[in-house]
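Numbering (the working numbering), first residue to last: 24 to 1009.
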């Protein structure tokens, strides 16, 4: 192919490929070939061949002796380098990880070409090419590290710059001070981020079974222009693929409360808990060296009894009276649970019960790979989950059932157009479906003075979906590696909410007489169909200057179009331009088309074992799609009818519906001249290869966030005139992008990839993040809407020190190992013992003291998120205990007409440290069949992991710690819990 054709092809992809979003799901291998004098060897033949599939590629070194393979599938390779007149070099076990750019130099000796020198590659190579700060979680860590709940996302905390502020799921792990919803996830290079809410967490997470993941990489900061669609970390997962050998496994993990320790605030009896996780996988060749498959299934069954709950319910006799007099009320009063003891009022009994949470998931995936020839590879992968769970809604053990079905699929084609040009094309679909059934148009609830209220379970249906088209082109031209390409992503936000009906009685006598005090209807939100495009493009040049210096320059352009509703729904509320609701057809907000993002990085290997790296870039992100739908939130109307309007008001309320008065819609506003948020990031790092296969790194990382998501109130009372600008409306919740943040941190790591039976990773971060109560998924309403600078303080997720250590070790015992018996029963008993562990420690989280205030006492009438007045007394007692963490006498209620002067996040909660461990025994049942037993302990030393104390000075519990860091049974911060596992594999 001529140079002119290359240029045309490159321009085509640069101009028409859109929105490249972290497509780093493959690997790069490059290096320098020299002779014994250090002179470059030109035209040497370099061949790479996959150990698992037989896939191979071949090229020749350039005039400077360098070679480079782009877009290699993740895996283990054998590299052969040969040149006439030299002894060939064969390098075994060259592991290429997701997103890795590995340099592998070789020195050829003069000799016969038929002779080969065989060596094994280093297990932990330094990064001599890229400037980003990140790390890879390998298959062995995914398989062996003890994880409470076996959710792969917990392992993100092992990456450089990760800070876990909660139980360890995708909603509590942040990177280098960025907000939780600024991260971007891809699965095999296509979008796997939550469509409506970026983090895939909790019951809405995309369930990817651990056994279906080959490995994943976290690029935490300063990554190149090929990655984007988020200003936080880029998390890139790679699915497992079949090989030329059949492999499979079946397993079950078992949890039971009889193995668990009591939590600090549990009653004497530990709540019931059962958790079973089971599954199987199978993969291998369909046509050897050509077509492969891998399939996986995993199921989860959980039953969790939560702590006892209490309430007040009607007695059996009173229920019978009501039902006999008013048969229509019979199903309602009989819906209360039975009482367990009397009260002073014979019509009312006490109720005590234990709610049992149920959770079921069934997840499956299948991947098929096919190689037409050495130049063309295709594969398809489909992943889906069917799940259901229930949630307690009130102290009466009411619960609601929800059903979910997240799905992710992709089809991909890689074409090696020439030894210097590689193209990757990908189609992807990502969906997070959620359904909560409801009987009838309205979910009914009853509120009776003197009884515990019921709470309606409003039905919803959500089908948020993204479709993506991705293309990336790599063109190697001399000492330049050019990359260009992108993604076109279509967002569909499809949802609908049903209405709710609340019937209120002023007393038990009124209930017996069926005298309804009032009823309230929350209107139905018709099916909402939000549509949006996410588009951008990138160009990147990796420029090799000499043998030891690599300069990477690039730029991205990102564009997120204005969200629209397919049926024209939505009422735009603008208190400034429209003085209220805007005319139909008004754009929800104005587009931001100025999202240019330059990137630069350098890597200088000033010695063969030491590399200095630096990077700078601007990074944009869309944030939560839900952040720009305020116009739809303003649409549903509310209706009500009271006894003053209709003295005969009674249940059923159907005859009175026509008389209900509209209470109007509760408007919500969006800053219409908003800007897409972005982060400027910079880093300097020094990486050094150390003895015993260790690599150490010391880095400084900084960033500044601009136009971050925040919340405030508009149409507030003027402190001077005491009137609102828009008299027809109350205060209005507004979403805005006025926020800012800064971060500075020192990161250190010590890593040894698996070699000679031992793997260890240690990450440490010392940092400080300051914001003004802003960030995607973080921003809360500020205390004084006219004073954002009054919110400036350390962030809610500021953790000053955090450290994680994970390790796996295989004891050198048994057949083929260094110690112990080599055969017979003794050999079977001695072989296969392993120990793995995870240690996490962090200092305490910041929190803010608050106070309850009446609206009339606040200058602008907004009593939300108010802070108290400082008295001058130190809030920290001489000895802090869970029962006395903060002193109440340090604070007072502000005087009427003033705001409190207590700073935001002025206090700190307790720190945490936790050690998890697993003991494994693997036994060879035959040449290929292995049986594995594992015992795991989470929070091995049963250290009490306390949460933050009660922070409201108006509460009698102020300053007291009443919760643990994790009151559930899954994730980081629980009491000690044990888990057993049995696995059969071949």
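Beta carbons are placed, not taken as given, at the ideal position from N, Cα and C, and that holds for glycine.
Inset, instruction - Taking 9 Å as the cut-off, decide whether the C-beta atoms of residue 554 and residue 616 are in contact. - result: no
Inset, instruction - Classify residue 227 as helix, strand or coil using the three-state DSSP reduction. - result: Any reading at residue 227 is ruled out, since the residue's pLDDT is 44, under 50, leaving its predicted position unreliable.
Legend entry - Minimum Cβ-Cβ distance from residue 434 to chain D less than 9 Å: Going by chain labels, chain D is absent from the structure shown, which holds only one protein chain.
Inset, instruction - Could you tell me which residues DSSP puts in a beta bridge with residue 1005? - result: 275 and 956
Inset, instruction - May I ask which residues mark the beginning and end of the beta strand (DSSP E) holding residue 1011? - result: The structure shown does not extend to residue 1011, since the chain spans only 24 to 1009, so no value can be given for it.
Inset, instruction - Using three-state DSSP, classify residue 350 as helix, strand or coil. - result: helix
Legend entry - Bounding residues of the beta strand (DSSP E) (the contiguous stretch that carries residue 456): 444-459
Legend entry - Start-to-end residues for the alpha helix (DSSP H) that takes in residue 165: 162-167
Inset, instruction - Taking 9 Å as the cut-off, decide whether the C-beta atoms of residue 653 and residue 691 are in contact. - result: yes
Inset, instruction - Could you tell me if residue 157 is buried or exposed, where buried requires 16 or more neighbouring beta carbons within 10 angstroms of its beta carbon? - result: buried
Legend entry - Distance between residue 345 and residue 593 (C-alpha atoms, nearest Å): 43 Å
Legend entry - Own chain partners of residue 162 with C-beta closer than 7 Å, once the 5 adjacent residues on each side are dropped: 237 and 238
Inset, instruction - Just the C-alpha distance for residue 800 and residue 725, rounded to the nearest angstrom, thanks. - result: 21 Å
Legend entry - Strand pairing of residue 760, partner residues [DSSP]: Partner(s): none; residue 760 has no beta bridge.
Legend entry - For residue 986 and residue 326, the rounded distance between their alpha carbons: 21 Å
Inset, instruction - Find the nearest neighbour of residue 55 within the set 92, 48 and 79, judged by alpha-carbon distance. - result: 92
Inset, instruction - For my contact list, residue 232 and residue 386 are in at a C-beta cut-off of 8 Å; report their separation, rounded to the angstrom. - result: 5 Å
Legend entry - Rounded separation between residue 966 and residue 999 - CA only: 8 Å
Inset, instruction - Can you have a look at residue 632 and say buried or exposed, based on whether 16 or more other CB atoms are within 10 angstroms of its CB? - result: exposed
Inset, instruction - Could you tell me whether the Cβ atoms of residue 95 and residue 119 are closer together than 9 Å? - result: yes
Inset, instruction - Look up residue 10 in the DSSP assignment and say whether it is helix, strand or coil. - result: Nothing about residue 10 can be reported from this structure: the residues present for the chain run from 24 to 1009 only.
Legend entry - residue 891 classed as buried or exposed, judged by whether at least 16 other C-beta atoms fall within 10 angstroms: buried
Inset, instruction - Answer yes or no: do residue 576 and residue 622 have a C-beta to C-beta separation smaller than 9 Å? - result: yes
Inset, instruction - Taking only the alpha-carbon atoms, compute the straight-line gap between residue 90 and residue 213 and give it to the nearest angstrom. - result: 28 Å
Legend entry - First and last residue of the uninterrupted alpha helix (DSSP H) at residue 655: 653-656
Inset, instruction - Would you mind working out which of 807, 497 and 373 sits nearest residue 439, comparing C-alpha positions? - result: 497
Inset, instruction - Reducing DSSP to helix, strand and coil, say where residue 488 ends up. - result: strand
Inset, instruction - Please say whether residue 526 and residue 468 have beta carbons closer to each other than 9 Å? - result: yes
Legend entry - DSSP three-state assignment for residue 355, whether helix, strand or coil: helix
Legend entry - Local Cβ density within 10 Å of residue 169, reported as buried at 16 or more and exposed below that: buried
Inset, instruction - Pull up the distance between the alpha-carbon of residue 902 and that of residue 911, whole angstroms please. - result: 15 Å
Inset, instruction - With a cut-off of 8 Å on the beta carbons, I'd call residue 373 and residue 335 a contact; round off their distance for me. - result: 7 Å
Legend entry - Extent of the continuous beta strand (DSSP E) run through residue 185: 185-187
Legend entry - Host beta strand (DSSP E) of residue 721 (start-end): 717-737
Legend entry - Which of helix, strand or coil DSSP assigns to residue 602: coil
Legend entry - Pairwise C-alpha distance: residue 730 and residue 926: 22 Å
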